[in-house]
Structures are given as C-alpha cells and as structure tokens.
Amino acid sequence: MKILMDEVTSNIMTELEKTQKSFWNIPRETGIMINMFIKMMNAKSVLEIGTSNGYSGLWIAKALKETGGHLTTIEFYEKRQCVAIENFKICGVFDIITPIQGSACDIIERFSEEEKFDFVFIDANKREYVKYFELIKPHLTPKAFIAADNIISHAEKVQTFIDAVDRDDEFQYEILKLPGGLLTAYRNSKS
Ligand SMILES: C[S@@+](CC[C@H](N)C(=O)[O-])C[C@H]1O[C@@H](n2cnc3c(N)ncnc32)[C@H](O)[C@@H]1O
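Take any residue in the sequence shown, note its place counting from 1, add 5, and you have its number in the working numbering.
Right, dumping it as structure tokens:
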C-alpha cells in the first residue's frame with residue numbers, strides 16, 4: 006500500500022506540486038520519506054526551519070497527527086507564512102502547528118532551555134545550515150533525528166554543515182540520494 010492521505014490534503018498537495026519551483030518545495034519523494042521517518046521513530050516534537058507555503062509541513066504534520074505530536078515551523082517571509090497557514094487550516098492540521106515568523110537563527114537563539122525536539126527538518130538558507138546545526142544541538146532529545154535538504158544540489162553552500170556533522174561523534178549520518186540530496190543524522194547520545 007502506498008501512503009494514505011485524505012482527499013482534501015491529497016488535492017492540496019497536487020496543487021502545490023504545480024508551483025514547486027516558485028516556492029522551493031521539497032520533492033514528493035522527500036516528503037514521503039520524512040513522513041515515514043517521523044512515524045517510524047514516533048516523533049512527538051518536530052522543528053522545521055523553512056516553511057515556505059507549507060508543502061513539507063503538510064507531510065510532517067500528517068505524520069504527527071498519527072503520533073500525537075506537534076510541529077514548530079519557522080519562516081522569514083510573512084506572505085509565505087500566511088499561505089502556509091491557510092494550507093494547514095484547509096488540511097486540518099493547524100491545531101498541531103506553531104508557525105513562527107522571523108530569522109531562524111534569532112528565533113532558535115530565543116528558545117527556552119526546556120524546548121526540545123526529537124526531529125528537525127532543515128530547509129532554509131543553505132549557507133546557514135551549519136549555524137542551525139550548532140544552535141539546535143542544545144534543543145535535541147538524546148535520540149533525535151535531523152534531516153536536511155539540498156545537500157547534493159547545493160553541495161558547496163552546505164559543505165561547512167556536512168563537515169560539522171562529520172566531526173561530531175554524537176551523530177551517525179548518511180546522505181540519501183533523493184532528488185536534491187537529503188542528509189539524515191541520528192543522534193546517539195545518553196543525555
Ligand atoms: C527551500 S524553501 C522551504 C521549502 C519548504 N520546506 C517546503 O518544502 O515546502 C526555504 C524557505 O526558507 C525561508 N528562509 C530562508 N532563510 C531563512 C531564514 N534565515 N530564516 C527563516 N526562514 C528562512 C525562505 O523564505 C523560504 O521560504
């Protein structure tokens with residue numbers, strides 16, 4: 006069986022896929038993988054960096070509806086965030102989403118110490134990936150999972166991020182050859 010999606014969400018996703026290039030959305034295959042990862046690890050608290058019009062957020066939120074989790078998603082541009090919120094409402098997932106508008110680094114820096122995530126999806130400014138990685142580390146649960154898009158398509162811009170993950174003994178990682186390239190990293194820590 007392929008993934009089950011309600012008719013309204015399925016229709017919205019098909020519509021969003023028509024404007025994928027304008028909104029820099031992840032490919033459908035990546036959305037499906039992220040949706041499966043979240044369900045497989047029973048993630049409860051997800052952070053997304055780079056909401057755009059909410060396409061990837063829908064894949065995440067639909068998985069979280071099954072795990073009973075929550076999504077916090079950050080977007081710099083208010084207009085895009087408004088479109089995303091509309092899509093989240095139409096698809097019946099807005100009740101489990103906290104959209105935050107602003108610069109990702111500033112926002113993560115302001116998270117309280119208690120704010121923890123067991124899954125983080127990185128898909129914003131490619132040159133800032135390494136900063137996101139350093140900033141989110143104190144907010145990860147011991148067995149957290151990170152997925153980051155455009156690792157192959159924007160290889161040069163994200164190299165510092167790959168190097169940082171590679172140097173970090175707490176993380177086991179692999180780059181999946183999905184369109185764009187998806188880095189997946191598993192934190193295997195006791196604390
Ligand atoms: C590749 S798109 C995200 C696509 C989305 N994840 C999806 O697949 O539907 C990147 C988004 O990140 C936003 N962005 C870029 N730099 C940002 C920053 N420093 N803080 C917050 N958002 C940022 C952009 O405005 C853009 O909408």
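Built from N, CA and C at the ideal position, the CB exists for glycine as well.
8 Å contact criterion, which arginine 192 and phenylalanine 176 should meet: CB distance rounded: As a first step, residue 192 is located in the sequence shown; it is residue number 187 there, counting from the start. As a first step, residue 176 is located in the sequence shown; it is residue number 171 there, counting from the start. Confirmed, about 6 Å.
Whole-number beta carbon distance between lysine 7 and asparagine 40, since they are thought to touch under 8 Å: The count along the sequence shown starts at 1 and reaches residue 40 at position 35. The count along the sequence shown starts at 1 and reaches residue 7 at position 2. About 11 Å separates the two Cβ atoms, so there is no contact after all.
Top-ranked residue by Cα proximity to arginine 85, from Gly107, Gly73 and Pro32: What you label residue 85 is simply residue 80 of the sequence shown in a count that begins at 1. Answer by Cα proximity: Gly107.
Sequence ranges, beta strand (DSSP E) only - wholly within the region 20–74, length at least 3: 50–54
Phenylalanine 93 - containing beta strand (DSSP E), residue span: Locating residue 93 in the sequence shown gives position 88, counting from the first residue. That residue, phenylalanine 93, is in no beta strand (DSSP E); its alpha helix (DSSP H) goes 83–95.
Start and end residues, beta strand (DSSP E) containing valine 125: Counting from 1 along the sequence shown, the entry for residue 125 is found at position 120. First-last of the beta strand (DSSP E) with valine 125: 122–127.
C-beta contact flag for isoleucine 105 and threonine 146 at 8 Å: The residue given as residue 105 occupies position 100 in the sequence shown. The residue given as residue 146 occupies position 141 in the sequence shown. Not in contact: isoleucine 105 and threonine 146 (Cβ atoms no closer than 8 Å).
Every unbroken beta strand (DSSP E) inside the region 116–171 [3 residues or more]: 122–127 and 145–153
Check: serine 56 C-beta below 7 Å from any heavy atom of ligand 1: Reading the sequence shown from its first residue, position 51 is the one you call residue 56. Strictly speaking, residue 56 in this sequence is threonine, with serine absent from that position. Yes - ligand 1 has a heavy atom lying nearer than 7 Å to the Cβ of threonine 56.
Proximal residues to isoleucine 157 (C-beta, below 8 Å), its chain only, five neighbours per side dropped: By 1-based counting over the sequence shown, the position of residue 157 is 152. If we look at isoleucine 157 and ignore the five residues flanking it on each side, its Cβ neighbours are Ile180, Lys182, Gly185 and Gly186.
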